[in-house]
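Enquirer: Position in the sequence shown (from 1) plus 2 gives the number in the numbering used here.
Take a look at this one; I'll ask things after.
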Amino acid sequence: MQNTVPSPHSTSSAGAAAPYRERLSPSLWALASAAVTGPMIALVFIRIEPALALALGAAGAVAIIALLLAGSPVVEVREGRLRAGRAHIEARYLGEPVPLVGEEARAARGTGLDPRGWYLVRGGIDGVVVIPNTDEDDPVTSWTVSTRTPDRLAAAVRRARGKTR
């Protein structure tokens with residue numbers, strides 16, 4: 003899910019452009035697979051009490067889906083910072099972002115993954131943005147971030163870099 007509506011906190015005092023924000027939620031297939039746990043839970047308790055089994059199955063499926071959605075990382079560019087999950091970096095330390103899709107993105111997530119880089123890679127999300135880290139004091143050489151809209155994330159990083167330089 004993406005939040006494209008500016009929030010009250012979406013602009014800095016300098017009048018920055020609207021931020022980029024995306025929640026890397028699980029795919030519909032992953033959510034449907036989690037929902038299948040409901041009948042499985044119900045089958046375990048059916049011999050005890052059918053009504054209880056139904057309630058536990060429904061509650062279990064809802065809880066698992068809620069945990070999957072709540073645990074989804076957020077990618078955000080706001081106030082001169084890139085945040086990906088719990089990690090963040092100031093945009094002034096970022097180089098030119100490279101948006102990738104298709105076979106290039108698969109290579110960047112797999113064999114081309116920089117072992118000295120930092121990455122937030124999510125299954126089921128095709129696009130990826132690779133951003134060099136120009137901070138000489140940081141041992142991390144690049145950031146590789148999954149995104150459903152690599153062009154928009156790359157543009158937001160470029161805007162943030164332009165405002166901090």
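Using N, Cα and C, we set each Cβ at its ideal position, and we do this for glycine too.
1. Based on the DSSP output, what are the partners of E92 in its beta bridges?
2. How is R124 classed by DSSP in three states: helix, strand or coil?
3. Which complete beta strand (DSSP E) runs does the region 15-64 hold, if anything under 3 residues is left out?
4. Taking the beta carbon of P21 as the centre, do at least 16 other beta carbons fall within 10 Å, making it buried, or is it exposed?
5. For Y95 and N135, what's the separation of their Cα atoms in angstroms?
6. With which residues is S74 paired in a DSSP beta bridge?
7. Spatial neighbours of P99 within its chain, please: CB distance less than 8 angstroms, with the 5 preceding and 5 following residues excluded, ordered by chain position.
Expert: With the given structure in hand:
1. Taking the sequence shown and counting its residues from 1, one reaches residue 92 at position 90. Paired residues: R83.
2. Against the sequence shown, residue 124 aligns to sequence position 122. R124 falls in the coil class under three-state DSSP.
3. 22-25
4. As a working mapping, residue 21 is identified with position 19 in the sequence shown. Looking at its Cβ environment, which holds 16 or more other Cβ atoms inside 10 Å, P21 is buried.
5. As a first step, residue 95 is located in the sequence shown; it is residue number 93 there, counting from the start. As a first step, residue 135 is located in the sequence shown; it is residue number 133 there, counting from the start. Roughly 6 angstroms separates the two Cα atoms.
6. Taking the first residue of the sequence shown as position 1, residue 74 is located at position 72. BP columns for S74 are empty, so no partner.
7. The residue given as residue 99 occupies position 97 in the sequence shown. Correct list, in chain order: V131, V132, I133, L155, A156, V159, R160.
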